[in-house]
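Asks: FYI, the UniProt record's numbering numbers position 13 of the sequence shown as 13, with every residue one higher than the one before it.
Glycine included, C-beta positions come from ideal geometry on N, C-alpha and C.
Owing to the predicted nature of the structure, the values given are computational and were not obtained by experimental measurement.
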Amino acid sequence: MLQAPQFTSFNPPRRILMGPGPSDVYPQVLAAQARPTVGHLDPLFIGMMDELKQLLQYAFQTTNPMTIAVSAPGSAGMETCFVNLVEPGEKVIVCRNGVFGERMRQNVERCGGVAVCVDNAWGEPVCPERVAEALQQHPDARFLAFVHAETSTGALSDAKTLCALAKQHDCISIVDAVTSLGGVELRVDDWGIDAIYAGSQKCLSCVPGLSPVSFSATAVAKIQQRKSPVQSWFLDQSLVMAYWSGQGKRSYHHTAPVNSLYALHESLCLLAAEGLEHAWQRHRTMHQLLADGFSKLGLEFVVAAPYRLPQLNSVYIPAGVDDTMLRSTLLHEYNLEIGAGLGELAGKAWRIGLMGYGARRENVALCIQALSEQLSAGR
Ligand SMILES: *Cc1c(COP(=O)(O)O)cnc(C)c1O
1 MLQAPQFTSF NPPRRILMGP GPSDVYPQVL AAQARPTVGH LDPLFIGMMD ELKQLLQYAF
61 QTTNPMTIAV SAPGSAGMET CFVNLVEPGE KVIVCRNGVF GERMRQNVER CGGVAVCVDN
121 AWGEPVCPER VAEALQQHPD ARFLAFVHAE TSTGALSDAK TLCALAKQHD CISIVDAVTS
181 LGGVELRVDD WGIDAIYAGS QKCLSCVPGL SPVSFSATAV AKIQQRKSPV QSWFLDQSLV
241 MAYWSGQGKR SYHHTAPVNS LYALHESLCL LAAEGLEHAW QRHRTMHQLL ADGFSKLGLE
301 FVVAAPYRLP QLNSVYIPAG VDDTMLRSTL LHEYNLEIGA GLGELAGKAW RIGLMGYGAR
361 RENVALCIQA LSEQLSAGR
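(1) To the nearest whole angstrom, what separates the beta carbons of P125 and A155, a pair I think is in contact under 8 Å?
(2) What is the C-beta distance between S23 and G353, in whole angstroms, given that I count them as a contact (C-beta under 8 Å)?
(3) Return yes when the Cβ of R351 is within less than 9 Å of the Cβ of L312, no when it is not.
(4) Can you grab the Cα-Cα spacing for the pair F100 / M1, in whole Å?
(5) So, does the segment 160-172 touch the segment 324-336, judging by three or more C-beta pairs under 8 Å?
(6) Per DSSP, which one or two residues make a beta bridge with M18?
(7) Count the CB pairs spanning the segment 354-373 and the segment 199-214 that are closer than 8 Å, and state whether there are at least three.
(8) Any chance you could list the alpha helix (DSSP H) runs of at least 4 consecutive residues sitting entirely within the segment 241-315, in chain order?
(9) Is the beta carbon of A149 closer than 9 Å to that of I93?
(10) Nearest-angstrom Cα distance between Y58 and E337?
(11) Which term fits L44, buried or exposed, when burial requires 16 or more other beta carbons within 10 angstroms of its beta carbon?
(12) According to the Cβ coordinates, are residue 393 and S251 closer than 9 Å?
(13) Which full runs of the beta strand (DSSP E) of 3+ residues lie inside the segment 199-243, going along the chain?
(14) What did DSSP end up calling L181 once you bin it into helix, strand or coil?
(15) Which residues does DSSP list as the beta-bridge partners of V114?
(16) Once DSSP output is grouped into helix, strand and coil, what is the label at S173?
(17) Considering only their Cβ atoms, is the gap separating V131 from L165 smaller than 9 Å?
(18) May I ask you to verify whether the segment 76-84 touches the segment 293-312, counting CB pairs closer than 8 Å and requiring at least 3?
(19) Per the DSSP calculation, T161 is bridged to which residue(s)?
In C-alpha cells:
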C-alpha cells in the first residue's frame, strides 16, 4: 500500500494575470463554473450547448453551422483544423512570424502535408506581398495558414487581406485567432475565413481548456471529400458534430467538460452584453493608457505602432534589469503576473497582456505603478 499523501485543499491566491494567458477570469465565469454538474446529455445541458453555438457564432461573426468549442485548449483547436483539412501530400503555405506559425508548420508535416514557409522577422506582421508571391510560385497549394494575433511577439496581421489572397488563389484559409477573438476586430464571414480556432483563456477571460472553432461551407466540403479518414479519432469533426448538432439526435462522442462549458457560456454572454465592438474599443483604450505610461518609463515596444496588438504588449527589458528577479518581485509583492519573452525574445522582452476582463483601468494603473517602482529601485 502506498501511504495516503497528507495534503489539504489547494487554495491559490488571487493573482492579477497580465501575461500572455490565461487572463484574469471574470468572477461571474468562476461562479458559473461552480454550478451543479448535470449529465452531458441532459436536455437542459443540450439547450445550453445550442445557445453556446449561437454565442460563438456572434463572437466569430459567422453563420457557419459548424461552430463549436473543442474540449481541449487552443493547441487542440489548431490540431483540429489541420488534421481535418490537410491530407497527405497536400501543400500548405504557412506564415511564420513567431512561435505559433512554426507550430502550424509542425502540424502540417505531422498530417503528411507539405509546408511552404513564408517568414517574417519576429515582431513584424505577415507580409501580404510575400504571401502573394508564394501563392504565385505554388499554384498547387491548397491552404494558406497564418496567425492573426502572434502572442509570442504582439504583432497583428491583416487577416482580411490574407484571406482575400487565399481566395484569389483557390486556397482554403486556416487562421489562428487564439489571442484575437474578443480582443481585436475579427469578422469570419466578411473576411472569408474558412477554418479558424481560438482559445477560452485569452480575450474571452474564461477558464483555460476550451477551443472555439468554426469551419466555412468550403472547409466542410473539403472535409467531406477526404480520401482517408482523419487520423485523430477524438478531433474528427464528422464524429464530433454528431454530438454538437441538435435536432434531438445527439449521441455520445466524449463526455463534454460540462462545468467548463458553463463558464464559456457565461463569458460569451458577458461579451454579447458588452457588444463586440465595445470590447474591441475597450482593448484599444486600455492599450493606449498602458503605452502612455510605458513611454514615461522609457520602455520601448517590440512591434511598430500600426501593428501592435492592444491585448499583448511586448516591450524590451531595459539594460541592466534582472528579468527573472523583477518578474518574481511583481508576482510575490504585487500579486501581478507579467509574461516572459518567448523564443527569440526570451530574456529580451516582457509580454504584458490586457486581455478580456484584464483590460481595465485598475490593471493598467497597477502595472505602470509596479514597473515604475521596481525599475527605479533597480537603478
Ligand atoms: C495561447 C496560444 C495558442 C495555444 O493555446 P493553448 O490554449 O495554450 O493550447 C495558440 N496560438 C496562439 C496565437 C496563442 O496565443
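Replies: On the basis of the supplied data:
(1) 5 Å
(2) Contact holds; Cβ gap of about 6 Å.
(3) yes
(4) 45 Å
(5) no
(6) I338
(7) yes
(8) 258-274 and 276-296
(9) no
(10) 31 Å
(11) exposed
(12) For residue 393 there is no data in the structure shown, the boundaries of the chain being 1 and 379.
(13) For secondary structure counted as the beta strand (DSSP E) over 3 or more consecutive residues, the segment 199-243 holds these complete runs in sequence order: 211-215.
(14) coil
(15) K91, per the DSSP bridge assignment.
(16) strand
(17) yes
(18) No contact exists between the segment 76-84 and the segment 293-312.
(19) The partner list for T161 (beta bridge, DSSP) is empty, contrary to what the question assumes.
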